[in-house]
Each structure stands twice: as structure tokens, then as C-alpha cells.
Amino acid sequence: MTKFLIDSLQPKLVAQFARIIDRKQLAQSYLFVGPKGAGKLALAEWIALRLFCQNVQDGAPCGQCPECERILNHNHPDVMVVKTETQSIKVDDIRGLKQEMSKTGVEGNQRVFVVEDADKMTAGAANSLLKFFEEPVPGMTVILTATSKNQLLPTILSRAQVITFQSPDRSAVIAKLEEGGATSQMARVAGRLTGNVADAQALLASATFQDRVTKVFQLLERLADHDPESFVRVQTQLLPIAKDADSQRQVLALIGLAYADALNQHFQVTSMQQLDLPAIGVLAQRSSEQLTTALQAILTAQVRLSQNVTFQSATEQLMLKLLEG
Ligand SMILES: [Zn+2]
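Here the sequence shown stands for residues 3 to 327, where the numbers follow the numbering used here.
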């Protein structure tokens, strides 16, 4: 039986929907709200698989039968997903969806319609869908996904069942990255920096990211040794690998992860997510006050960077602080 990503990201919600579908209590419309990478679209897809699969086992779709395959290949006639890369979903963008919704089912009655990023719908677009939330249509399931409820029309909110997604468990994200071939160390780095599989995989695919991580790890070894050269390294080693805002934030976040791990190790708290670095063992020998001060300094550097202090200045100041401790 196929294991789906959503099984590890949101096991409780999967179990909840397996029960709901078993009892034939699926509502007509849902709103899935939660952070990026929490598995909202993946759960919507799982529900479609579960509804159409010809070979459901223990409440789970098989992922292999012709129905499952068509859904996974995005060419099932009764499963429609609307996505957009643009800033808003306008009336025109959902015209096709509305037409499909107005038809009766092509094969049987069951149909699933999904609108990703429904919070991007203009008021006009949302209003044009309203009637599908008002009049029950047997066999129709509409799932909207959104990162926040704030942008959605109250009329939609009041008609859809709201399901709130928590951020996925980091260890599930890391395990998934390892399954995809990442080393344990890089899976931890990318999983902890992003908190979601898709963004982490994008990072791992980038050679510059790998280089950035290596340079920061080398710097951490110097810092652990109280090597004053750490200050110079900001200019010689970090600036070339941290040219844009994202990579600059990553550098500081990575230093923060290492010091947080050192503080945990200091208190003998170990975790499967901890980075495997000699520097962390050395830093863990410092006092908890020193480590806490270091973490505060890292936070200060992150705040200064967000307030348009240059990366070089914020990070050099940070090195001075970290070398003191
Ligand atoms: Zn199947």
C-alpha cells in the first residue's frame, strides 16, 4: 500500500477524514487553513483518492488503481484543482471551475473541487462561487485552502467547515527529506530552516545552499575555538555566499540553530534533529549564561538585518559578541 506524504505530515487529520468518509459524513464544503507546507492540498488530494479509489484498504486509498493514478496524474475528470501563480484569483480564473460544478458528475455522482489559495479570490470570484456553498449538491465536495481566514468573505467562512492545520512536525519533514536522498545532516539543516518539505527540497537542490552551509559550519568551528579570525571571515567567507536577503537570513538562522543545539546539549537535552557538528560539543561546554547571551545576540542581529542594517555590519557586530562569550 502506498504511503502518502500527508500520512506523515498530518496523521491526525488523515485519520479524522478516514473516519468521516467511512461514516459518509463528508460535508459539502471545507476550508483548510494553515501555514504553507502544512499539507492542505495534499490532504485534499488524499480525500479525492479515498473517495474514488477502487481498492481502499484499512480506510486508506491504494494509490495504484486506475482511479488513484488518474488523480495523482491530475487528469481525473471529476477532480478539479484550481491553482494560481498570480496575486489574485479573479472571476475569469474560476469560470471553468463554475462550469464543471454546474454539470452533473461524468462518472458517478462523486466530484471534488479544490481551490488552492482561496484567500487570493477577489470578492467577485468568491461571490460567484457562493451558490455552491448554499445549495447542497449530492456527491459534491468543495475544498478551499488558505493560509489565513482574514481575507475570506464572511459568507464563505460561515458556510464552509473550517479545518485548521498546524505546522507539520519537523521530524516528519526531516524523515521525508532523508527518504528523498538527502544526507541526515542536510535534511536536518533544510528541514529546520524551512519547516516544510517543498521549500526544504528547493534549498537542497541548490548548490549555493550547500556551499553556504559549509561556510557557516566552518565559521562555527572558528567561533567555538574563540578564533578572532571569525570577524574577518564575515567579509571573506560569508559575504560571497550571502548576497540576497534570503541567504543572509539563512546564515544567521543557521548560526542560531547551532547555538540553540549547544544550549540544549549543555543541559543534556538531545534531539534527533540536532546538527552533527564538533563545534556544538565545544560550545556546549560554555555556561548557560554565555549561551543565552549568544542566542540573544543572534536574535538582535536578525532584527537589525530586518531593519535594513547591512548584513556585513549586523554580522560583524554579532561576531564581536560571540567572541566575547
Ligand atoms: Zn486506488
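Backbone N, C-alpha and C define an ideal beta-carbon position, used for all residues, glycine too.
| Check | Outcome |
| --- | --- |
| Three CB pairs or more closer than 8 Å across the region 21-28 and the region 154-161 | no |
| Neighbour-count burial assignment, S232, 16 or more Cβ in a 10 Å radius | buried |
| Cβ shell of L324 (< 6 Å), same chain only, five flanking positions each side left out | L225 and A296 |
| Near ligand 2: N75 beta-carbon under 6 Å from a heavy atom | The ligand content of the structure shown is limited to ligand 1, which means ligand 2 is not among them. |
| Cα-Cα separation, Q18 to L195 | 29 Å |
| Pairwise C-alpha distance: A202 and E109 | Residue placement at E109 is poorly supported in this model, since its pLDDT is 49, which falls under 50; the coordinates still yield a value, given next. Cα to Cα, the separation comes out at about 38 Å. |
| Helix, strand or coil at A316 [DSSP, three-state] | helix |
| CB of P140 within 7 Å of CB of L11, strictly | no |
| N129 CB to nearest heavy atom of ligand 1 below 6 Å | no |
| CB contact flag (I91, A127, <7 Å) | yes |
| With 16 other Cβ atoms within 10 Å as the buried cut-off, status of Q252 | buried |
| A44 versus P13, V58 and T216, residue with shortest Cα-Cα distance | P13 |
| 7 Å CB neighbourhood of E318 in its chain, flanking five on each side removed | F233 and V236 |
| Integer Cβ distance of L277 from R214, believed to fall under 8 Å | No, L277 and R214 are not in contact; Cβ-Cβ is about 14 Å, not under 8 Å. |
| Nonlocal neighbours in the same chain, by C-beta distance under 7 Å from D121, ignoring five residues either side | A148, T149, S150, Q153 and L154 |
| Rounded C-alpha distance that separates S290 from L28 | 52 Å |
| Element boundaries [beta strand (DSSP E), containing I145] | M142 to A148 |
| Three-state secondary structure assigned by DSSP to V311 | coil |
| Cα-Cα separation, N310 to F54 | 52 Å |
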